[in-house]
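K.L.:
For any residue, its number in my numbering is found by taking its place in the sequence shown, counting from 1, and adding 6. One structure coming up, written as structure tokens, with questions to follow.
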Amino acid sequence: MLLSVVCGISWPLALQRGYEVAWTLPRAGTRELWRPVTWLVGVVAVLVVLTLLGDVAGGLSGPARVVIRVLGVPAVVAWAWWTQHFLLGGRVAWRPLAPGAVAIGLGLVGLKVLADRLLSTSIVNHEAEYGPIGVVFTMLSWLIALSTVLLGGALLGAVVVARRE
7 MLLSVVCGIS
17 WPLALQRGYE
27 VAWTLPRAGT
37 RELWRPVTWL
47 VGVVAVLVVL
57 TLLGDVAGGL
67 SGPARVVIRV
77 LGVPAVVAWA
87 WWTQHFLLGG
97 RVAWRPLAPG
107 AVAIGLGLVG
117 LKVLADRLLS
127 TSIVNHEAEY
137 GPIGVVFTML
147 SWLIALSTVL
157 LGGALLGAVV
167 VARRE
């Protein structure tokens with residue numbers, strides 16, 4: 007359990023450092039350690055709520071389901087925007103973070119579409135072929151893709167802002 011907590015906290019710490027590198031900021035001090043921890047707790051809470059909403063949305067009719075999905079895209083972009091601002095401790099203004107938020111949001115929506123189409127099949131196939139370790143490899147691959155979207159989108163946003171200047 008301790009290993010899970012340490013590994014769980016290291017992910018937002020690495021994400022925070024990646025955002026600092028993208029924006030050429032100095033490393034946040036230990037006084038800012040609460041930010042990645044708080045972010046991780048928030049992400050877990052949001053995932054629980056989204057899971058519960060997904061169960062509710064599964065029983066909704068077509069138009070209501072479309073409305074939820076249409077509202078979900080701006081919500082994901084807003085979350086990505088807030089994530090960058092929060093993990094950077096407000097050292098970058100909101101406006102320059104917008105292109106990265108859009109890139110992250112669109113990347114996350116793309117990952118969601120791919121996961122809906124491929125993830126279950128991939129898990130079943132890899133479990134049958136490699137056993138339980140195949141499931142672990144599949145999940146790690148998706149976590150790497152998620153991290154790539156979260157870091158790559160922010161980097162793309164920082165490059166876009168730098169090019170504009």
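Heads up, the beta-carbon is just placed ideally off N, CA and C, and yes, glycines get one too.
(1) Is Trp17 closer than 8 Å to Phe92 when the C-beta atoms are compared?
(2) For Glu133, I'd like the list of residues in its chain whose CB is within less than 6 Å of its CB, leaving aside the five on either flank, ordered along the chain.
(3) What is the rounded straight-line gap between the Cα of Glu26 and the Cα of Arg41?
(4) Tell me whether the beta-carbon of Leu103 lies closer than 8 Å to the beta-carbon of Gly163.
(5) Our contact map puts Trp29 next to Leu125 with C-beta atoms below 8 Å; I'd like the distance itself, whole angstroms only.
(6) Using the Cβ count rule (16 or more neighbours within 10 Å means buried), how would you classify Ser10?
(7) Under 8 Å between the Cβ atoms of Ala121 and Trp148?
(8) Just to confirm the assignment, what range does the alpha helix (DSSP H) spanning Val98 have?
P.N.:
Quick look at the numbers:
(1) Counting from 1 along the sequence shown, the entry for residue 92 is found at position 86. Counting from 1 along the sequence shown, the entry for residue 17 is found at position 11. Cβ distance not < 8 Å, so Phe92 and Trp17 don't count as in contact.
(2) Here residue 133 corresponds to residue number 127 of the sequence shown, with the count starting at 1. So the list reads Gly140 and Val141, once near-sequence residues are dropped.
(3) Position 20 of the sequence shown, counted from the first residue, corresponds to residue 26. Position 35 of the sequence shown, counted from the first residue, corresponds to residue 41. Spanning the two alpha carbons is a distance of roughly 13 Å.
(4) Counted from its first residue, the sequence shown places residue 103 at position 97. Counted from its first residue, the sequence shown places residue 163 at position 157. Yes, the Cβ-Cβ distance between Leu103 and Gly163 is below 8 Å.
(5) Here the question's residue 29 lines up with position 23 in the sequence shown. Here the question's residue 125 lines up with position 119 in the sequence shown. About 32 Å; that fails the 8 Å criterion.
(6) The count along the sequence shown starts at 1 and reaches residue 10 at position 4. Flag for Ser10 reads exposed.
(7) Start at 1 with the first residue of the sequence shown, and residue 121 comes out as number 115. Start at 1 with the first residue of the sequence shown, and residue 148 comes out as number 142. Contact flag set, yes.
(8) Start at 1 with the first residue of the sequence shown, and residue 98 comes out as number 92. Premise fails: Val98 is in no alpha helix (DSSP H) and is neither H nor E.
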